[in-house]
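Protein chains: 2
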Amino acid sequence: MSDLRKTSVQDLLRSTDLDREVLVRGWVRTRRGNKYVQFIALNDGSTIHNIQVVADAEKFPEENLKGVTTGSCLAVRGKLVASQGKGQAVEIQATEIEVLGTADPEEYPLQKKATSLEYLREIAHLRPRTNTFGAVLRIRHAMAFAIHQYFNDHGYFYVHTPIITGSDAEGAGQMFRVTTLPEQNPPLDDAGQVDYKQDFFGKPTNLTVSGQLEGELAALALGKIYTFGPTFRAENSNTARHLAEFWMIEPEVAFNDLEDNMDLAEDFLRSLVRYALTHCPDDLQFLNDQYDKELLNRLKFVVDNEFQRLTYTEAVEILKSAKQKFEFPVDWGTDLQSEHERYLVEKHFKKPVILTNYPKEIKAFYMKLDEDGRTVRAMDVLFPGIGEIIGGSQREEDLTKLLTRMQEMHVPEEDLWWYLDTRRYGTAPHAGFGLGFERLILFVTGMANIRDVIPFPRFPKSAEF
Amino acid sequence: MSDLRKTSVQDLLRSTDLDREVLVRGWVRTRRGNKYVQFIALNDGSTIHNIQVVADAEKFPEENLKGVTTGSCLAVRGKLVASQGKGQAVEIQATEIEVLGTADPEEYPLQKKATSLEYLREIAHLRPRTNTFGAVLRIRHAMAFAIHQYFNDHGYFYVHTPIITGSDAEGAGQMFRVTTLPEQNPPLDDAGQVDYKQDFFGKPTNLTVSGQLEGELAALALGKIYTFGPTFRAENSNTARHLAEFWMIEPEVAFNDLEDNMDLAEDFLRSLVRYALTHCPDDLQFLNDQYDKELLNRLKFVVDNEFQRLTYTEAVEILKSAKQKFEFPVDWGTDLQSEHERYLVEKHFKKPVILTNYPKEIKAFYMKLDEDGRTVRAMDVLFPGIGEIIGGSQREEDLTKLLTRMQEMHVPEEDLWWYLDTRRYGTAPHAGFGLGFERLILFVTGMANIRDVIPFPRFPKSAEF
């Protein structure tokens, strides 16, 4: 009995042990048939494929099947047999059908055959029951696991960097304030300012924008580390590529230089895509057929081809001599726009690109200064359709140079005394990068909107569920 | 060359391929010797063990070794040879020593041999460089990986539930407010209240206390899911067992009942402890020798023995007839105190205990009502030295009963319309639990204070680094 109860639809569909008694539980996707026989497509989330339940009218008169409607939950006992019909190798000849939970056809929001992605965002609590979101969420799981496995296999240690942070020194964007002070009339200090000494942490705190600085501390002790946690941006941008809450992976490696960093990024991304192709063929095939006929080709292309590496300076030359007209002008020293990145990746090189050695003015204070004093050892990995999927750098390990950069960029020293200590005591060359998890999932699933690759998206004016 | 650069201390210590040229980089733990020879113990974080670097005075006159002090970072080239001394199988006969980063002996905070755990908390940015925190953080990594591997192997999908939440309906504790409104004089509405319509999300938002409710949505679509993410409590409790920010693992399984839930919790915990014993023998041995001579025995005991299962009602009977005097009286209907739990686990049964079927009044609204109408299908797993390590339940899948419980416990229906939808459409029996990750790490490492098992602890008046 207890064996029967552990069987998933995935198990049954793969089974070659036929003509035996089985129990399956799941949700009705469709029901069709005639007065002699009913066919029920049942799905339990373990796979994109449904198992077909065959209910003979003799055994199951219509009144007993009343509760069997799209969205209802069933427990079905029966015999697993070779299927006579097309589209499936096996099916279940039902002997017992129990309706565990009904779904009123007049009310159930998911019964319409065509439900737009926009509409599904409004019912994000139910959308995992659709083929599309089942596929996306299974792939999301597979990618998260592949990330942990990759790093574990390569001797990295997973480090949980803090979510609530007392330092907003990195300046990577607008931050969410975290507080337990009264929302109205907070206590004030003698100067008439909010008295954060009375707040929970005794000072102003925010949600982290990156675990990198703390990750560096860990790397300069444990050697090879990575983070994988939520990060936040309080930016009022309503785009298909930005979320207020998203997950980021940030490896950091002692003794790595920019070359090593690029090698790691490339091997890492290629391994992840390869993992998806190996472990999620059915879900990828569905998304390929349904949304993006080029998806599988694009994934295979990334696995098979090396990324193009070039400097920012070289990229600017290419862009300047390009025949294409850009909306934004390109000049050495300005940040590249999305149109420029897309031109390089999708038109010029037709493959993923790693751009390096950006002007120091447009990059963060912690990046290692090149010998020319003008550029830093930064790298951005650009993907077709996505743009920047990874941003990273070799870090400045020299205390004096780091302090100079901080002064130039008005980064307050006193807030980062602990970060600077790593350069004071046993400093070492090191490098790392950040991978936006949802951007990876966008690429691997071929979905167009970042709100559709995270279970419960947070963006301006929306924190539902 | 590039091969040499990828070698860790761990690799070298395990190597049987001797008398070859090697390169090792790491931080100096100790240096000792005489006028003929110097011995440098080097650690790179890959293992608790140091590799011994032997520097002959002839090749390395004292003035060349000036920078080689505790905490400095070195790159050492030399020959890997069998060690003549005790305590290590191999060592490196140095031919070249480069100081990558110095650590002034007058200032480096970690050079004193004995550094208390309390002191190390104040320099949490450097403590991963100690043996103790190296061991704890490597074990923490191993446990995180074991968790992902366990669930992946068993067909679960990892779901990222939201960190910022617009519903504070679960009532599991005080919450941190998340906002971008001005800290002073926020905009007010016509009623003179803070106008959250103008806040980032258009309504009040908080940091999550649990991903369970969203996890249930996913389980009722994908079947078997788990969460692993940060959770928050704004409770002003300064204890060795509480953090304001901690990580939690919450599996949720469609079609599981309370029995299944207990089986899962027990198998899961036992697998994790077994994984630690197999994969972290050196780090565990160190912690066993240094802090807690019973650690390894306790871990082996958990792997080898089944947990004791009994109902709350049975536990109350045992406690009432116990000869021990308790500070707090025990009576059916009151919550058990730590002293009661410890008596059951450490004195009466002398093994982990699973308590079930608590009075409904002391448990959350979503737990399934037992047939007697007085108790719910809750379960707490109690561990020696830790107390509650897991709390879970079978969930109430019946919409009418769930609504009644919510009314009785004053949980606002309108905030949880999406949660209730799962009971409206295709409801199914399901169960799950929450495992506090840091409590697991406390148990596995034998550390006494929860602030010592997370890299950067957050607690009242402290959000450093």
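Just so you know, the protein sequences line up as chains A and B, in that order.
Here my numbering is used: the first residue of the first sequence is 1, the next is one more, and so on.
Here my numbering is used: the first residue of the second sequence is 1, the next is one more, and so on.
Beta carbons: idealized from backbone N, C-alpha and C, even for Gly.
Handout entry: Meets three-Cβ-pair contact criterion under 8 angstroms: the stretch 301-311 of chain B and the stretch 351-358 of chain B
Key = A contact exists between the stretch 301-311 of chain B and the stretch 351-358 of chain B.
Handout entry: Interfacial residues, the stretch 9-30 of chain A to chain B, with Cβ spacing under 8 angstroms
Key = If the cut-off is 8 angstroms between Cβ atoms, the stretch 9-30 of chain A has GLN10, ARG25, GLY26, TRP27, VAL28 near chain B.
Practice task
Indicate whether at least one CB of chain B lies closer than 8 angstroms to the CB of LEU117 (chain A).
Solution key: Within the first sequence, numbered from 1, the residue matching residue 117 (chain A) stands at position 117. So no, LEU117 (chain A) is outside the interface.
Handout entry: Sufficient close CB pairs (3 or more, under 8 angstroms) joining the stretch 149-164 of chain A to the stretch 221-236 of chain A
Key = Verdict: yes, contact present.
Practice task
Return the residue from the list A:MET379, A:ALA265, A:LEU222, A:LEU4 that minimises the CA-CA distance to ALA315 (chain A).
Solution key: Here the question's residue 315 (chain A) lines up with position 315 in the first sequence. Out of A:MET379, A:ALA265, A:LEU222, A:LEU4, A:MET379 has the C-alpha closest to the C-alpha of ALA315 (chain A).
Problem - Test: HIS148 (chain B) CB closer than 8 angstroms to a CB of chain A - result: Numbered from its first residue, the second sequence carries residue 148 (chain B) at position 148. Residue-level contact check: HIS148 (chain B) touches chain A, since one or more beta carbons of chain A fall below 8 angstroms from its beta carbon.
Exercise for the section: Please say whether ASN357 (chain A) and THR404 (chain A) have beta carbons closer to each other than 8 angstroms? Expected result: Mapped onto the first sequence, residue 404 (chain A) falls at position 404. Mapped onto the first sequence, residue 357 (chain A) falls at position 357. Against a cut-off of 8 angstroms, the Cβ pair of ASN357 (chain A) and THR404 (chain A) comes out as no contact.
Practice task
Give the interface partners of SER46 (chain A) over in chain B, defined as CB-CB distance under 7 angstroms, in chain order.
Solution key: As a position in the first sequence, residue 46 (chain A) is number 46, starting the count at 1. Simply GLY155, GLY223.
Practice task
Can you tell me which of the three DSSP states HIS154 (chain B) falls into?
Solution key: As a first step, residue 154 (chain B) must be located in the second sequence, where it is residue number 154. The answer is coil: DSSP assigns HIS154 (chain B) none of H, G, I, E or B.
Practice task
Apply the 10 Å Cβ neighbour rule to GLU250 (chain B) and answer buried if 16 or more other Cβ atoms are within range, or exposed otherwise.
Solution key: On the second sequence, position 250 is the one that residue 250 (chain B) refers to. So GLU250 (chain B) counts as buried.
Exercise for the section: Please go through the same chain and pick out, in chain order, the residues whose beta-carbon is closer than 6 angstroms to the beta-carbon of ASP195 (chain B), but skip the five residues on each side of it. Expected result: Start at 1 with the first residue of the second sequence, and residue 195 (chain B) comes out as number 195. If the five residues before and after ASP195 (chain B) are omitted, its C-beta is found closer than 6 angstroms to the C-beta atoms of PRO187, LEU188, ASP189, all from its own chain and listed in chain order.
Practice task
For SER210 (chain A), decide whether its Cβ has a neighbour in chain B, counting only Cβ atoms nearer than 8 angstroms.
Solution key: Taking the first sequence and counting its residues from 1, one reaches residue 210 (chain A) at position 210. SER210 (chain A) does not count as touching chain B.
Exercise for the section: Starting from ARG32 (chain A), trace the beta strand (DSSP E) both ways and give me its first and last residue. Expected result: Indexing the first sequence from 1 puts residue 32 (chain A) at position 32. Here the beta strand (DSSP E) through ARG32 (chain A) covers 20-33.
Problem - Chain-ordered neighbours of GLY134 (chain B) on chain A, where CB pairs are closer than 9 angstroms - result: Locating residue 134 (chain B) in the second sequence gives position 134, where the first residue counts as 1. Chain A residues near GLY134 (chain B): ALA221, LEU222.
Practice task
May I ask you to list, following chain order, the residues of the stretch 288-310 of chain A that have a beta carbon less than 8 angstroms from some beta carbon of chain B?
Solution key: Listed in sequence order: no entries.
Problem - Delimiting residues of the alpha helix (DSSP H) encompassing LYS224 (chain B) - result: If you number the second sequence from 1, residue 224 (chain B) lands on position 224. It is not in any alpha helix (DSSP H) - LYS224 (chain B) instead sits in the beta strand (DSSP E) that spans 224-232.
Practice task
Indicate whether at least one CB of chain A lies closer than 8 angstroms to the CB of ASN131 (chain B).
Solution key: Your numbering for residue 131 (chain B) matches position 131 in the second sequence. No, no contact with chain A.
Practice task
Compare the C-beta of MET1 (chain A) with all C-beta atoms of chain B and state if any pair is closer than 8 angstroms.
Solution key: The residue labelled residue 1 (chain A) in the question sits at position 1 within the first sequence. Only weak support exists for where MET1 (chain A) lies, its pLDDT of 40 falling under 50; the value from the coordinates is given anyway. Cβ-Cβ to chain B under 8 angstroms: no for MET1 (chain A).
Handout entry: GLY426 (chain B) and GLU252 (chain B) closer than 8 angstroms at C-beta
Key = Start at 1 with the first residue of the second sequence, and residue 426 (chain B) comes out as number 426. Start at 1 with the first residue of the second sequence, and residue 252 (chain B) comes out as number 252. In this structure, GLU252 (chain B) does not lie closer than 8 angstroms to GLY426 (chain B) by Cβ.
Problem - Spatial distance of HIS242 (chain A) from ILE450 (chain A) (CA atoms) - result: By one-based count along the first sequence, residue 242 (chain A) stands at place 242. By one-based count along the first sequence, residue 450 (chain A) stands at place 450. Here the alpha carbons of ILE450 (chain A) and HIS242 (chain A) stand approximately 7 angstroms from one another.
Problem - Euclidean distance between Cα positions of MET1 (chain A) and GLY71 (chain A) - result: As a working note, residue 1 (chain A) is residue 1 in the first sequence. As a working note, residue 71 (chain A) is residue 71 in the first sequence. Per-residue confidence for MET1 (chain A) stands at a pLDDT of 40, beneath the threshold of 50, marking its modelled position as unreliable; the derived number appears in the next sentence. Straight-line Cα distance between these residues: approximately 26 angstroms.
Practice task
Return the CA-CA distance between THR139 (chain B) and ALA276 (chain B), expressed in angstroms with no decimal places.
Solution key: Residue 139 (chain B) sits at position 139 when you count from the first residue of the second sequence. Residue 276 (chain B) sits at position 276 when you count from the first residue of the second sequence. The amino acid at residue 139 (chain B) is misidentified as Thr; the sequence shows Ile. So the two alpha carbons sit approximately 7 angstroms from each other.
Problem - Distance between beta carbons of GLY391 (chain A) and GLU361 (chain A), contact taken as under 8 angstroms - result: For the purposes of this step, residue 361 (chain A) is taken as residue 361 along the first sequence, with counting starting at 1. For the purposes of this step, residue 391 (chain A) is taken as residue 391 along the first sequence, with counting starting at 1. Actually they are not in contact, since the Cβ atoms of GLU361 (chain A) and GLY391 (chain A) sit about 16 angstroms apart, beyond 8 angstroms.
Problem - THR404 (chain A): first and last residue of the uninterrupted beta strand (DSSP E) it sits in - result: Against the first sequence, residue 404 (chain A) aligns to sequence position 404. DSSP places THR404 (chain A) outside any beta strand (DSSP E); the residue lies instead in the alpha helix (DSSP H), whose first and last residues are 399-408.
Problem - Whole-number beta carbon distance between ILE92 (chain B) and LEU80 (chain B), since they are thought to touch under 8 angstroms - result: In the second sequence, residue 80 (chain B) corresponds to position 80, counting from 1. In the second sequence, residue 92 (chain B) corresponds to position 92, counting from 1. With a beta-carbon spacing of about 6 angstroms, LEU80 (chain B) and ILE92 (chain B) fall inside the 8 angstroms limit used to define contacts.
Problem - Counted within 10 angstroms of its Cβ, other Cβ atoms place ASN50 (chain A) as buried (16 or more) or exposed - result: To locate residue 50 (chain A), count along the first sequence from 1; it is residue 50. Flag for ASN50 (chain A) reads buried.
Problem - Where PRO128 (chain A) falls: helix, strand or coil (DSSP) - result: Start at 1 with the first residue of the first sequence, and residue 128 (chain A) comes out as number 128. Correct three-state label for PRO128 (chain A): helix.
Practice task
Could you tell me if ALA82 (chain A) is buried or exposed, where buried requires 16 or more neighbouring beta carbons within 10 angstroms of its beta carbon?
Solution key: As a position in the first sequence, residue 82 (chain A) is number 82, starting the count at 1. Answer is exposed; the Cβ neighbour count stays below 16.
Problem - C-alpha gap between GLN198 (chain A) and PRO460 (chain B), whole angstroms - result: For the purposes of this step, residue 198 (chain A) is taken as the residue at position 198 of the first sequence. For the purposes of this step, residue 460 (chain B) is taken as the residue at position 460 of the second sequence. Distance between the alpha carbons of GLN198 (chain A) and PRO460 (chain B): 10 angstroms.
Exercise for the section: Flag ASP415 (chain B) as yes if its beta-carbon sits less than 8 angstroms from any beta-carbon of chain A, otherwise no. Expected result: As a first step, residue 415 (chain B) must be located in the second sequence, where it is residue number 415. Answer no: the Cβ-Cβ gap between ASP415 (chain B) and chain A never drops below 8 angstroms.
Exercise for the section: Compare the C-beta of SER271 (chain A) against all C-beta atoms of chain B and say whether one is closer than 8 angstroms. Expected result: Position 271 of the first sequence, counted from the first residue, corresponds to residue 271 (chain A). No, because no Cβ of chain B sits closer than 8 angstroms to the Cβ of SER271 (chain A).
Exercise for the section: Given a cut-off of 8 angstroms, decide if LEU74 (chain B) and GLU98 (chain B) are closer than it, judged by their beta-carbon atoms. Expected result: Counting from one through the second sequence, the residue named residue 98 (chain B) turns up at place 98. Counting from one through the second sequence, the residue named residue 74 (chain B) turns up at place 74. Yes, Cβ-Cβ distance for GLU98 (chain B) and LEU74 (chain B) is below 8 angstroms.
Handout entry: Cβ distance (whole Å) where MET467 (chain A) is taken to contact TYR291 (chain A) below 8 angstroms
Key = Outside the shown range of chain A (1 to 465) lies residue 467 (chain A), about which nothing can therefore be said.
Handout entry: Buried or exposed by the 16-neighbour rule on C-beta atoms within 10 Å, applied to VAL453 (chain B)
Key = In the second sequence, counting from the first residue as 1, residue 453 (chain B) sits at position 453. Buried, since its Cβ has 16 or more Cβ neighbours within 10 Å.
Practice task
Please confirm if LEU258 (chain B) has its CB atom under 8 angstroms from at least one CB of chain A.
Solution key: Numbered from its first residue, the second sequence carries residue 258 (chain B) at position 258. No, no contact with chain A.
Practice task
For PRO412 (chain A), decide whether its Cβ has a neighbour in chain B, counting only Cβ atoms nearer than 8 angstroms.
Solution key: Position 412 of the first sequence, counting from 1, holds the residue named residue 412 (chain A). Using a CB distance cut-off of 8 angstroms, PRO412 (chain A) does not count as an interface residue toward chain B.
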